[in-house]
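K.L.:
In the numbering used here, the protein residues as written are -19 to 89.
Structure, rendered in structure tokens:
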């Protein structure tokens, strides 16, 4: 099946597939040879957003547990809160503990 040709919304020139660099991240996309407009499909755009968000995060954070009343908690760094949208109303977290591995895993549900 032949792929459908796509045209630039600004100058009506046929878009050409190419490797594009966005903030140092290389992705396949479409570019207008006349005006230079760049276009990504939904999957490419999602890949780019995830990769750029990952860049904002450190590989590892070291935090001290804090006392909250009679409980213990962890305060998340601001960049983690922003990337995972933890301050949104109704956000829930799943917590799993692996004693043998000395590991606690937190998942955004």
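Glycine is no exception: its CB is placed at the ideal position from the N, C-alpha and C atoms.
Computed from a predicted model, the values in this text were never measured in an experiment.
Have a look at residue 2 and residue 88 and give me their C-alpha separation to the nearest angstrom.
P.N.:
Looking up residue 2 in the chain shown gives position 22. Looking up residue 88 in the chain shown gives position 108. Roughly 27 angstroms separates the two Cα atoms.
K.L.:
Please classify residue 91: does DSSP put it in a helix, a strand, or coil?
P.N.:
Any answer about residue 91 is impossible in this case: the structure gives the chain only from -19 up to 89.
K.L.:
Does the beta-carbon of residue -19 have 16 or more other beta-carbons within 10 angstroms, so that it is buried, or is it exposed?
P.N.:
Here residue -19 is taken as the residue at index 1 of the chain shown, counted from 1. Residue confidence for residue -19 is low, a pLDDT of 47 falling below 50, so the modelled location carries little weight and cannot support an answer.
K.L.:
Ignoring anything shorter than 3 residues, give me the beta strand (DSSP E) runs that lie fully in the region 14 to 64, in order along the chain.
P.N.:
Listed in chain order, they are 46 to 48 and 51 to 53.
K.L.:
Using the three-state DSSP reduction, which class does residue 76 fall into: helix, strand or coil?
P.N.:
Residue numbering aside, residue 76 sits at position 96 when the chain shown is read from its first letter. Note: residue 76 maps to strand in three-state DSSP.
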